[in-house]
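**Q** Mind looking over this structure? Questions follow.
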Amino acid sequence: MNLFQKKAYALLTGDEDARVCRDIPDAACKEQPRNYLVHLAALALTKSGDKFIDPKITLAWLTAALGAPAALLSLLVPIHNAFSLLPQLVVAGYLRRVPVRKWLWCGGAMGQGLAVVGIALVAVYLTGDVAGWSIIGCLLIFSLSRGVCSVAHKDVLGKTVSKTRRGSVSGYADAAAGIVAIALAGWLMTGGGRNLNAVVGILLVAAGCWVLGALVFGRMAEQAGATEGGDNAIREALQQLSLLRTAGKFRRFVISRTLLLGTALLPPYLVVQIPSLDTGQTVGLGKLLLAASIAGFVSAPLWGRSADRSSRKTMILGATLSAMAGLFSVLMARLGTASELTLTLSLFVIYVGHAGVRLGRKTHLVDMASSGNRASYVAVSNTVIGVALLVLAAIGALVDNLFANGGLLFFSAMALGGALTSTRLQEEQQRP
């Protein structure tokens, strides 16, 4: 640990004594400033890559531009999200056998980078149905690799960064990625993204972000962890599901997190109401990306600090903001006064709220778990959420077809339910 690392850590966390640690060993505490910065740099790179290949914007535009069937567009977001969550029980079972888990994260990041290179090659050489299904295949590989990173990162974060410091890592990384996304949005608004070769360039830059992120994360000074309990991964996965029955505190968190999915599923139902967003109009898409990016850039550091003080209250406030913005949009639509401006502002508030929910629930889970059960908690929670995501997305689509603005109402109500159930969670940051 050098002087620069100590000063940068103190500036970012407000912690002058880098050796004040609450729930990590002394050996890890000595390396905390260095590891904090490694986490921050690696996450900033991979989160920037995520912004570049946003399936709701970049991949959707690319799939349509290559002449793929319109039905494939509806598969992009569910595959991107759900298939990064569903396999995590098995991944966690394997993770327990590996004493140093950072290399799993590095491998997952490399897998994501290679999958994005595959999508870029599809854009260069293929068209039509073959191109569409090839993108789906690459996205599936990307999502599975992402699931490995998710389980490994939370475990490594819990081993290397102390409680009350973890939320700010993601907060600052989100802010850095937000700056990158703002630049991309500005470029899209000028029409730069209309050129297919330019989109291929975006994909290759994104792939480079994951590869570089893997190289940076490999510099983590991680202490070897416990490997007992590394039984057959499938058998252990089934056993871990019993946590939902035996661990009441964890079960309440999973229920809240399921309802909080409303904040993540609200935006598409808002976007389709904006009249200028016809297929291929990258200027309009750039406006939405700009609103979402500014929301993340401005709010993420504040939410990160808030989560370190009270992850529970952060989730409650974030969910309430998103729900109120969704209900406001429904009201404007019913009154016939909705406009591109009001809908874009509503989207901004929804993204601000969702950022709080996301940072709050990540911090809450890591702080709630111990070094012995953290990987299992993450895997069980994410697997349940993966299934819930597919089911709730289908229900939301059905409700939206049956009732005007039904999707917005349904997911706004879910977000409010998540805020209410979060009030029953414990203040994990106050525990020793």
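Residue numbers (the numbering used here): 3 to 434.
Ideal Cβ positions, reconstructed from N, Cα and C, are used throughout, including at glycine.
Bear in mind that the values here come from a model prediction, so they are computed numbers and not experimental data.
Tell me the DSSP secondary structure of ASP56 in three-state form.
**A** ASP56 falls in the coil class under three-state DSSP.
**Q** Rounded to whole angstroms, how far is the Cβ of LEU319 from the Cβ of GLY358, which I believe are closer than 8 angstroms?
**A** Right, the Cβ-Cβ distance comes to about 6 angstroms (below 8 angstroms), so this counts as a contact.
**Q** Have a look at GLY420 and ALA249 and give me their C-alpha separation to the nearest angstrom.
**A** Between GLY420 and ALA249, the C-alpha separation is close to 19 angstroms.
**Q** Suppose the cutoff is 7 angstroms on Cβ atoms and the five residues either side in sequence are ignored; what does the same chain contact list for LEU262 look like?
**A** MET317, ALA321, VAL359, ARG363, ALA417, GLY420, listed in sequence order.
**Q** Would the region 144 to 154 count as touching the region 103 to 121 if we require 3 or more Cβ pairs under 8 angstroms?
**A** Judged by Cβ distances under 8 angstroms, the region 144 to 154 makes contact with the region 103 to 121, as three or more pairs qualify.
**Q** Could you check how far apart the C-beta atoms of ARG311 and ASP157 are, in whole angstroms? I think they sit under 8 angstroms.
**A** That pair is no contact at about 23 angstroms.
**Q** Would you list, in sequence order, the uninterrupted alpha helix (DSSP H) runs of no fewer than 4 residues that lie entirely inside the region 97 to 165?
**A** Runs found: 104 to 127, 130 to 162.
**Q** Apart from the five residues on each side of it in sequence, which residues of its chain come closer than 6 angstroms, Cβ to Cβ, to ASN83?
**A** Within the same chain, ASN83 has close Cβ partners LEU391.
**Q** Just tell me which of ALA293, MET370, LEU333 has its CA closest to the CA of LEU427.
**A** The shortest C-alpha separation from LEU427 is found at MET370.
**Q** Going straight from the alpha carbon of SER145 to that of PRO80, what length do you get?
**A** Near 10 angstroms, if we compare the C-alpha coordinates of PRO80 and SER145.
**Q** Out of curiosity, what's the CA-to-CA distance linking LEU279 and VAL300?
**A** No answer about LEU279 holds up, because its pLDDT of 42 lies below 50 and its placement is not dependable.
**Q** Determine the extent of the alpha helix (DSSP H) in which ILE352 is found, giving its start and end residues.
**A** Where ILE352 is concerned, the enclosing alpha helix (DSSP H) stretches over 342 to 370.
**Q** If you count every other CB in all the chains shown that lies within 10 Å of the CB of SER414, and 16 or more means buried, which is it?
**A** With 16 or more other Cβ atoms within 10 Å, it is buried.
**Q** Go ahead and pull the three-state DSSP assignment for ILE26.
**A** ILE26: coil per DSSP, three-state reduction.
**Q** Which residue marks the beginning of the alpha helix (DSSP H) containing ALA421, and which one marks its end?
**A** Element bounds for ALA421: 408 to 424.
**Q** Have a look at SER170 and MET191 and give me their C-alpha separation to the nearest angstrom.
**A** Cα-Cα distance, rounded: 31 angstroms.
**Q** Would you decide whether SER244 is buried or exposed? Buried here means 16 or more other CB atoms lie within 10 Å of its CB.
**A** Exposed.
**Q** Could you tell me the alpha carbon to alpha carbon distance between LEU272 and MET326, rounded to whole angstroms?
**A** Cα-Cα distance, rounded: 13 angstroms.
**Q** Work out the CA separation of LEU39 and LEU116 for me, nearest whole Å.
**A** Rounded to whole angstroms, LEU116 to LEU39 spans 25 angstroms at the Cα level.
**Q** Please state whether the Cβ-Cβ distance between ALA302 and GLY173 is less than 7 angstroms.
**A** The answer is yes: Cβ separation under 7 angstroms.
**Q** Check MET191 in the structure and name its three-state DSSP category.
**A** Helix, per DSSP.
**Q** Only counting the same chain, and skipping five residues up and downstream in sequence, which positions put a Cβ closer than 6 angstroms to that of PHE350?
**A** ALA293, ALA297.
**Q** CA-CA distance, THR60 and ALA29?
**A** Using only the alpha carbons, I get a separation of about 43 angstroms.
**Q** Tell me which residues share the same chain as ILE181 and place their Cβ nearer than 7 angstroms to its Cβ, disregarding the 5 neighbours each side in the sequence.
**A** Answer for ILE181: PHE299, listed in chain order.
**Q** Between which two residues does the alpha helix (DSSP H) holding ARG167 run?
**A** Note, ARG167: premise wrong, no alpha helix (DSSP H); not H, not E.
**Q** Judging by CA-CA distance, which residue of LEU128, THR162, GLY113, ARG168 is the nearest neighbour of LEU141?
**A** Looking at the Cα atoms, GLY113 is the closest of the given residues.
**Q** Whole angstroms is fine: what's the gap from LEU47's alpha carbon to ARG221's?
**A** Taking the straight line joining both Cα atoms gives about 14 angstroms.
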